[in-house]
Amino acid sequence: MGLHMKRSFIISKNTKLNLGSKGVGIDFGEMGLEYALSSIKMKNDNNFNKKKLNKFNTISNEQETGELNKELNVDTYNKLLKLIVTVHKRGQEIIEWQKINSTEPPYDFSNVGPNEQNAIKKYEEFKETFLERIIKSLGKKKRIHLFNMIQEAKKIDKEIYSQWENLNMLSKKVIEGDIDAYFQVIDEMNSFNELLSYGSEFEVGTNDGSAIEVEFRVKSSNVIPISGPYKNGKPCGERMSKRKYYDLVQDYACSGAIRISRDIMALIPVEKVIVHAVDTIKDDETNENYDITILSVVFDKETFETLKFDTIDPSLSLRNFLCNMKQQKTTGLEPVSRIIYY
1 MGLHMKRSFI ISKNTKLNLG SKGVGIDFGE MGLEYALSSI KMKNDNNFNK
51 KKLNKFNTIS NEQETGELNK ELNVDTYNKL LKLIVTVHKR GQEIIEWQKI
101 NSTEPPYDFS NVGPNEQNAI KKYEEFKETF LERIIKSLGK KKRIHLFNMI
151 QEAKKIDKEI YSQWENLNML SKKVIEGDID AYFQVIDEMN SFNELLSYGS
201 EFEVGTNDGS AIEVEFRVKS SNVIPISGPY KNGKPCGERM SKRKYYDLVQ
251 DYACSGAIRI SRDIMALIPV EKVIVHAVDT IKDDETNENY DITILSVVFD
301 KETFETLKFD TIDPSLSLRN FLCNMKQQKT TGLEPVSRII YY
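So the sequence shown is numbered by this note's numbering: it starts at 1 and just counts up by one.
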């Protein structure tokens with residue numbers, strides 16, 4: 001399997017995108033791009049702070065249940081079954097690159113920055129207390145501290161300005177359709193972390209930046225807890241039927257495909273996202289495993305934006321798009337050809 005594209009990269013728990021010296025490679029420091037964008041959002045939207053971050057933390061905690069093990073208790077088991085078929089209901093916030101690109105600098109770089117100004121003011125307005133006038137070393141220590149704070153404030157101002165410069169540069173490249181910029185945004189925004197936590201992997205690629213293709217490596221054997229829930233280390237329920245397993249694989253593949261498209265369209269300005277879902281099956285005759293494409297779908301932005309994510313049935317909603325998928329009641333999803341003309 002794999003994508004046959006001019007440019008592509010792998011997303012898994014053990015890989016990290018490396019654009020190399022020739023790539024855009026804009027450095028957002030230890031905190032990363034996600035923090036830089038949230039800083040701007042929180043600065044411009046007072047309602048964003050706690051509401052959005054609390055929602056993110058809740059989802060993150062739920063995602064931890066996707067780290068599958070052999071013995072899931074009843075509550076975790078039921079929560080996981082619900083999470084894996086509703087991944088399409090969660091997604092990235094839309095990044096307004098045009099708005100970011102038109103954002104004014106935080107201050108005039110030729111002048112002293114606001115934090116440094118404030119620190120200088122505190123230093124100049126410092127007045128010794130009665131005790132500091134008596135014990136000279138105390139006053140001297142306080143002045144040294146205030147002077148050092150000026151240097152720290154200067155450093156903070158420089159970092160803030162550098163962050164604005166980097167975001168401005170990245171936004172320009174994204175708007176221009178730069179592939180390296182696209183890849184950096186997809187990678188650094190950790191879009192697929194929830195699906196990764198369940199055991200899936202991805203390859204993201206493009207030929208010219210007008211559309212993004214994703215090979216969604218479902219890995220259903222890692223995702224679906226077929227053995228059922230456990231209590232005190234022992235199975236406490238019936239083993240999952242093949243029919244239910246096949247239905248869950250289809251629901252997860254379809255929900256995951258929608259989530260992938262939702263995140264990518266929120267992060268970068270592409271008109272189409274093509275998802276090829278791949279899973280591993282066993283050949284009963286040879287007893288060997290091999291990969292098949294179980295779903296191939298082309299999401300166009302105009303139609304995609306009409307979806308009501310909280311109420312749709314993922315499998316049925318794919319009928320709105322160019323899609324190849326076929327399921328048999330007794331054998332599950334059948335191999336389908338990939339859509340290559342779109």
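Glycine residues also receive a C-beta, built at the ideal position from the N, C-alpha and C atoms.
Starting from residue i, trace the beta strand (DSSP E) both ways and give me its first and last residue.
i	result
Asp291	289-300
Asn324	322-324
His276	272-282
Thr306	Looking at the DSSP string, Thr306 is not in any beta strand (DSSP E), and its letter there is neither H nor E.
Let me make sure I understand the geometry here. Which of the options has the alpha-carbon closest to that of residue i?
i	options	result
Val112	Val273, Ile150, Gly228	Ile150
Glu124	Leu131, Glu116, Phe130	Glu116
Ser197	Lys121, Asn222, Pro335	Asn222
Ala253	Glu201, Leu267, Gly233, Met265	Glu201
Trp97	Lys142, Asn320, Lys272, Lys172	Lys172
Ser337	Ile175, Leu316, Lys82, Val275	Val275
Glu128	Val270, Asn101, Lys140	Lys140
Ile339	Phe299, Glu238, Ile100, Leu316	Phe299
Ser315	Leu72, Lys79, Leu17, Val85	Val85
Ile40	Leu80, Lys99, Leu81	Lys99
Lys79	Pro225, Asp208, Gly199	Pro225
Glu34	Gly233, Leu170, Thr306	Leu170
Tyr182	Asn324, Val273, Ser38, Leu83	Val273
Glu302	Gln184, Lys122, Glu238, Phe321	Phe321
Asp279	Thr286, Glu271, Tyr290	Tyr290
Gly177	Phe130, Pro114, Gly209	Gly209
Leu72	Gly233, Ala277, Cys323, Thr306	Gly233
In the DSSP output, which residue or residues are listed as bridge partners for residue i?
i	result
Arg7	Thr206
Ile212	Val273
Arg143	DSSP lists no partner for Arg143.
Lys234	Lys231
Gln327	Leu333
Glu201	Arg217
Between which residues of its own chain and residue i is the CB-CB distance below 8 Å, once the five residues before and five after are set aside?
i	result
Asn166	Ile26, Asp27, Phe28, Ala36
Glu159	Gly29
Trp164	Thr103, Pro105, Pro106
Lys329	Arg243, Tyr246
Gln327	Tyr246, Gln250, Leu333, Glu334
Phe126	Lys142, Arg143, Leu146
Ala175	Here the sequence assigns Ile to residue 175, which means Ala is not the residue at that position. Contacts found: Trp97, Gln98, Asn101, Pro269.
Glu288	Lys282
Asn148	none
Ala211	Val270, Glu271, Lys272, Val273, Ile274, Tyr342
Grab me the residues of residue i's own chain with a C-beta within less than 7 Å of its C-beta, minus the 5 sequence neighbours each way, in chain order.
i	result
Gly332	Tyr246, Val249
Gly2	Glu203, Glu215
Gly205	Leu3, Met5, Arg7, Ser8, Glu213
Val74	Pro229, Lys231, Cys236
Lys13	Leu196
Gln304	Reading off the sequence, residue 304 comes out as Phe, not Gln. Excluding residues within five positions, the ones whose Cβ falls inside 7 Å are Ser261, Met265.
For residue i, which residues from the same chain have a beta carbon less than 6 Å from its beta carbon, with the 5 sequence-adjacent residues on both sides left out?
i	result
Leu138	Glu132
Ile94	Ala266
Gly32	Glu188
Ile10	Glu203
Lys154	Glu116
Asn47	Here the model assigns Asn47 a pLDDT of 43, short of 50, so the residue's position is not dependable, and the following value carries that caveat. For Asn47, where only same-chain residues beyond five positions count, there are no Cβ hits under 6 Å.
Since residue i is in the alpha helix (DSSP H), which residue starts that stretch and which ends it?
i	result
Gln250	242-267
Arg133	130-134
Gln92	Where Gln92 is concerned, there is no enclosing alpha helix (DSSP H), given that its DSSP letter is neither H nor E.
Tyr182	179-188
Asn193	193-198
Ile114	Per the sequence shown, residue 114 should be read as Pro rather than Ile. Counting along the chain, the alpha helix (DSSP H) containing Pro114 begins and ends at 114-124.
Val85	Premise fails: Val85 is in no alpha helix (DSSP H) and is neither H nor E.
Pro314	314-317
Consider the Cβ of residue i: report whether some Cβ of chain D lies at a distance smaller than 8 Å.
i	result
Arg338	No chain D appears in this structure, which consists of one protein chain only.
ask   = Is there contact here, the segment 223-236 with the segment 202-215, by at least three beta-carbon pairs under 8 Å?
value = no
query = Are three or more beta carbon pairs between the segment 249-264 and the segment 292-306 nearer than 8 Å?
reply = yes
ask   = Per the contact definition of three or more C-beta pairs closer than 8 Å, is the segment 177-191 in contact with the segment 263-274?
value = With the cut-off at 8 Å, the segment 263-274 and the segment 177-191 touch.
request  = Evaluate contact between the segment 79-92 and the segment 302-321, counting only Cβ atoms and requiring at least three cross-stretch pairs below 8 Å.
outcome  = Remark: three or more beta-carbon pairs, one from each stretch, lie closer than 8 Å, so the segment 79-92 and the segment 302-321 are flagged as touching.
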